[in-house]
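Asker: Residue 227 is where the sequence shown ends in my numbering, and the numbering goes up by one at each step.
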Amino acid sequence: MIGWRFPGIFVYHDLAGGDTPIELQLAAMGGSWSHVVESSPDDPSPGEAAMFPQLEARLNISGTAGEMPWNAYFVGHVDRKDMDGVGVDSDVDDLTGSALEAGARIRPGALTLQGNVYYGQAIGQLLGSITQFGDYEGVGGWVQAGYQFDPRWSLWGFFGTDDARDGDAALPPGARDENQILAAMLRYDLPGYAIGLEWLRANTDFVGATESSSATQLALSVFYAF
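Right, here's the structure in full:
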């Protein structure tokens, strides 16, 4: 899932209620982007220099099909970056970022299925295009499945991918070209607590490399609700 929280103004409005509630969310957030190499960390980033907010709209829909709960959402995003910096009266190097995203979840009985897909361009500040800052086009998504065996035990599996395609700017040698994440978790729930034994694997392709880079990790996680 792409997205990040920035300071801004957020509006929530219920469009419909009843058995299928629909909610509209609107946001105008502060601009953001990586500082260019020549600039000082104290200088405004190109996202801030543009003096144009990041704009987002999200539509949430939920309901039930028989006894199965479901929900879905659709998101649109647009932003602007002034690559010349503050005080330069030129729009030649301005960079526009945009993204479309959709996701859904269903819970038939003890099974949970959920996923998300996105398309975007120049959205490194949203952690898209594998967190690279440039006019890069990216597509990605993830899917997760979980099964609740009983009130205590559940098993979860996850797969996600992000493919940083070339946009108006080509990916340089050594840049991250595609990334895949696989994960599995055995979870044990207690009142107010949860303990998870997790396995994670990451595979990353780089531009110009003949082999993928990979890493594997085992983790023990604890969740506390308060």
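Where is the CB? At the ideal position from N, CA and C, for every residue including glycine.
As the structure is a computational prediction, the values presented were derived from the model and not from experiment.
Hey, could you find the ends of the beta strand (DSSP E) residue 50 is sitting in?
Answerer: No beta strand (DSSP E) contains residue 50, which is instead part of the alpha helix (DSSP H) from 47-50.
Asker: For the segment 128-177, list the alpha helix (DSSP H) runs that are entirely contained and at least 4 residues long, ordered along the chain.
Answerer: None, since the segment 128-177 contains no complete alpha helix (DSSP H) of that length.
Asker: Here's the rule: buried if 16 or more other CB atoms are within 10 angstroms of the residue's CB, otherwise exposed. What is residue 150?
Answerer: Exposed is the call here.
Asker: Start and end of the beta strand (DSSP E) containing residue 203?
Answerer: 194-207 is the span of the beta strand (DSSP E), which, as asked, contains residue 203.
Asker: Could you check what DSSP says for residue 32 in three-state terms: helix, strand or coil?
Answerer: Residue 32 falls in the coil class under three-state DSSP.
Asker: For residue 20, which of 63, 214 and 77 has the nearest alpha-carbon?
Answerer: Here the closest residue by C-alpha is 63.
Asker: Would you call residue 80 buried or exposed, if buried means 16 or more other Cβ atoms sit within 10 Å of its Cβ?
Answerer: So residue 80 ends up on the buried side.
Asker: Which first and last residues belong to the beta strand (DSSP E) in which residue 216 is found?
Answerer: Note, residue 216: beta strand (DSSP E), 214-225.
Asker: Mind listing, in chain order, the continuous alpha helix (DSSP H) runs of no fewer than 4 residues lying wholly within the segment 94-128?
Answerer: DSSP runs (the alpha helix (DSSP H)) wholly in the segment 94-128: none.
Asker: Could you name the residues that DSSP lists as bridge partners for residue 23?
Answerer: Residue 23 is bridged to 17 and 62.
Asker: Going by DSSP, what residue range makes up the beta strand (DSSP E) through residue 73?
Answerer: Where residue 73 is concerned, the enclosing beta strand (DSSP E) stretches over 69-83.
Asker: Between residue 129 and residue 135, which are expected to be in contact by the criterion C-beta below 8 angstroms, what is the C-beta distance as a whole number of angstroms?
Answerer: With 8 angstroms as the limit, residue 129 and residue 135 do not qualify as a contact, their Cβ atoms being about 11 angstroms apart.
Asker: Considering only their Cβ atoms, is the gap separating residue 148 from residue 112 smaller than 8 angstroms?
Answerer: Cβ distance < 8 angstroms, so residue 112 and residue 148 count as in contact.
Asker: Please identify the residue among 32, 67, 197 and 175 whose C-alpha is closest to the C-alpha of residue 154.
Answerer: When only C-alpha atoms are compared, the closest one is 197.
Asker: Do residue 224 and residue 195 have their C-beta atoms within less than 8 angstroms of each other?
Answerer: In contact: residue 224 and residue 195 (Cβ atoms closer than 8 angstroms).
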